[in-house]
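Worksheet: the structure to be examined is printed underneath.
Number of protein chains: 2
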Amino acid sequence: MDKIGSYTFKQYCDKVAESHGKLAPGMVIGGYMVGLAYQNLPPNTLFEVICETAACLPDAVQLLTPCSVGNQRIRIIDVGRFAMTFYDKYTKEGVRVYLDLGKLEKWPVIKEWFLKLKPKKQQDTESIIKQITEAGIDICGISALKVFPEFTTKRSKTSIAICPICKEAYRSSDGAICLACKGGLLPYLVESKNETMAS
Amino acid sequence: MDKIGSYTFKQYCDKVAESHGKLAPGMVIGGYMVGLAYQNLPPNTLFEVICETAACLPDAVQLLTPCSVGNQRIRIIDVGRFAMTFYDKYTKEGVRVYLDLGKLEKWPVIKEWFLKLKPKKQQDTESIIKQITEAGIDICGISALKVFPEFTTKRSKTSIAICPICKEAYRSSDGAICLACKGGLLPYLVESKNETMAS
Chain A
1 MDKIGSYTFK QYCDKVAESH GKLAPGMVIG GYMVGLAYQN LPPNTLFEVI CETAACLPDA
61 VQLLTPCSVG NQRIRIIDVG RFAMTFYDKY TKEGVRVYLD LGKLEKWPVI KEWFLKLKPK
121 KQQDTESIIK QITEAGIDIC GISALKVFPE FTTKRSKTSI AICPICKEAY RSSDGAICLA
181 CKGGLLPYLV ESKNETMAS
Chain B
1001 MDKIGSYTFK QYCDKVAESH GKLAPGMVIG GYMVGLAYQN LPPNTLFEVI CETAACLPDA
1061 VQLLTPCSVG NQRIRIIDVG RFAMTFYDKY TKEGVRVYLD LGKLEKWPVI KEWFLKLKPK
1121 KQQDTESIIK QITEAGIDIC GISALKVFPE FTTKRSKTSI AICPICKEAY RSSDGAICLA
1181 CKGGLLPYLV ESKNETMAS
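Chains as they are written, first to last, in the working numbering: chain A, 1 to 199; chain B, 1001 to 1199.
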């Protein structure tokens, strides 16, 4: 597989280094997965994407498509599976591309890495990536699917309320106080509201 | 505010167009917020980021820092508040930057946009962005905080299991079957596993 999207492999690696940091094996498979999903949508489809893990895949999608997390054409629903769904925003028809374990027997180095059969320190990233580029989409599966009609990657924010507790703006559809003040979601404790910090 | 991170305003706009699509007002505020948060960390801090909304902010962070969603140095906890936390990965000390409603009285166009006081069609994006560039970090608040010691933006995946239902790999810590097969999380219905699709 010499090309990833419209990039040469080298160009893709440079782009990954810029946006993701190092060239992780997951970014290489992710690139092939994006290509496979994209090819299986009708031309000119306005699509949205669901990633089933936060690891690597959202960055591959952001690098190769107009979808980003912040423009809300990607939603991450982190169930920990290495899979992505591309679907038509209007018809909701799409495809799910995943790494197919049944196809990994032929690719022992990829299998060892993906299933963490060996400690990370004993694995050689270069060999893993080499095998991934040989395998390309041969290790992927693809399914046709339909996304539920009411789902969209973008959370609608039809009206805004001001939370009586934190005094910040939030989606009024979340209820009488914001989700943060309902508790249990945010992992921090505010120490001081300090207006004199560097600014 | 002529600079956003190390970019001129014009350079930042070009970068936004490339990664996010159009120059949304939230991307401009987001840029200033990143700058303010970053300035308030000790130099050379290895930091991670929590975004309290998926809208715009994750893209601003991705554009201006080495953190990305896919390298898991950003975690989105979408409680719908326009806020981001930068914290030291090791000490867990950090700062939360937010849009401070109390400071919006001086900036009526920003207030109208942020609180959706006017229908979108009656708002003029150019005027909103102009006022945001005038306001810069004047509309932001900042708090010192400490992230809980056990929290990290990266979900640990110490060992992998194969789900007996979907036959895909998942984090074994999620239990005997994967979160997807437990149900209720993913918004689609698979129609066919089709190996004969374009590839």
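The beta carbon of each residue, even a glycine, is placed where N, CA and C say it ideally should be.
Query: Contact list for the stretch 1167 to 1190 of chain B against chain A, Cβ threshold 8 Å; Result: Lys1167, Glu1168, Ala1169, Tyr1170, Arg1171, Asp1174, Cys1178, Leu1179, Ala1180, Leu1185, Leu1186, Pro1187, Tyr1188, Leu1189, Val1190
Query: Neighbouring residues, chain A, relative to Ile1077/B (Cβ below 7 Å); Result: Leu185, Leu186
Query: Buried or exposed by the 16-neighbour rule on C-beta atoms within 10 Å, applied to Ile1004/B; Result: buried
Query: Cutoff 8 Å: Gln62/A Cβ touching any chain B Cβ; Result: yes
Query: Under 7 Å from the C-beta of Tyr98/A: neighbouring residues of chain B; Result: Glu1168
Query: Outcome for Phe1148/B when other beta-carbon atoms lying within 10 angstroms are tallied against a minimum of 16; Result: exposed
Query: Chain-ordered residues of the stretch 1083 to 1117 of chain B with a beta carbon less than 9 Å from chain A; Result: Ala1083, Thr1085, Tyr1087, Lys1092, Glu1093, Gly1094, Val1095, Arg1096, Tyr1098, Leu1099, Asp1100, Leu1101, Gly1102, Phe1114, Leu1115, Lys1116, Leu1117
Query: Beta carbon of Ile1076/B nearer than 8 Å to that of Leu186/A; Result: no
Query: Per DSSP, the bridge partner or partners of Asp1078/B; Result: Paired residue(s): none; Asp1078/B is not in a bridge.
Query: Proximity test, Cβ basis, 8 Å: Asp1002/B and chain A; Result: no
Query: Of the listed residues Ile1128/B, Gly1102/B, Glu1105/B, Lys1106/B, nearest to Trp1113/B (C-alpha basis); Result: Ile1128/B
Query: Residues sharing a beta bridge with Gly94/A, DSSP; Result: Tyr87/A, Leu145/A
Query: Ranges of the alpha helix (DSSP H) found wholly within the stretch 99 to 147 of chain A, counting only runs of at least 4; Result: 108 to 114, 125 to 135
Query: Rounded C-alpha distance that separates Ser1159/B from Gly80/A; Result: 12 Å
Query: Listed by chain order, chain A residues near Gln1072/B by CB distance under 7 Å; Result: Ala54, Ala55
Query: For Ser1172/B, the three-state DSSP class (helix, strand or coil); Result: helix
Query: Run of the alpha helix (DSSP H) containing Ile29/A, from where it starts to where it stops; Result: 25 to 39
Query: Proximal residues to Val61/A (C-beta, below 7 Å), its chain only, five neighbours per side dropped; Result: Val34, Val49, Cys51, Cys67, Ile74, Met84
Query: Where Pro43/A falls, given that 16 or more other Cβ within 10 Å makes a residue buried; Result: exposed
Query: Inter-residue Cα distance where the pair is Ile1029/B and Ile1139/B; Result: 9 Å
Query: Under 7 Å by beta carbon: chain B residues contacting Ser159/A; Result: Lys1116
Query: Cβ neighbours of Gly1031/B in the same chain (closer than 7 Å, five flanking residues each side left out); Result: Ile1004, Gly1005, Tyr1012, Ala1060, Leu1064
Query: Nonlocal neighbours in the same chain, by C-beta distance under 7 Å from Trp107/A, ignoring five residues either side; Result: Gln131, Ala135, Ile139
Query: Beta-carbon proximity check, Ile1177/B vs Cys1163/B, cutoff 8 Å; Result: yes
Query: Within 8 Å, strictly: CB atoms of Phe1082/B and Ala1037/B; Result: no
Query: Partner residues on chain A for Pro1066/B, Cβ-Cβ distance less than 8 Å; Result: Gly21
Query: Length of the line joining the Cα atoms of Gly70/A and Gly1070/B; Result: 13 Å
Query: C-beta contact flag for Gln72/A and Lys22/A at 8 Å; Result: no
Query: Inter-residue spacing [alpha-carbon to alpha-carbon] between Tyr1090/B and Leu1046/B; Result: 8 Å
Query: Residue-level contact to chain B via CB, Gly5/A, 8 Å cutoff; Result: no
Query: Classification of Thr8/A by the beta-carbon crowding that lies within 10 angstroms, buried from 16 upward; Result: exposed
Query: Listed by chain order, chain A residues near Pro1058/B by CB distance under 7 Å; Result: Val69, Gly70
Query: Environment of Gly1026/B [buried if 16+ CB atoms lie within 10 Å]; Result: buried
Query: Rounded straight-line distance, which links the Cα of Leu1189/B to that of Lys182/A; Result: 32 Å
Query: Neighbour flag for Ile128/A against chain B, beta carbons, 8 Å; Result: no
Query: Inter-residue Cα distance where the pair is Ala180/A and Val1097/B; Result: 15 Å
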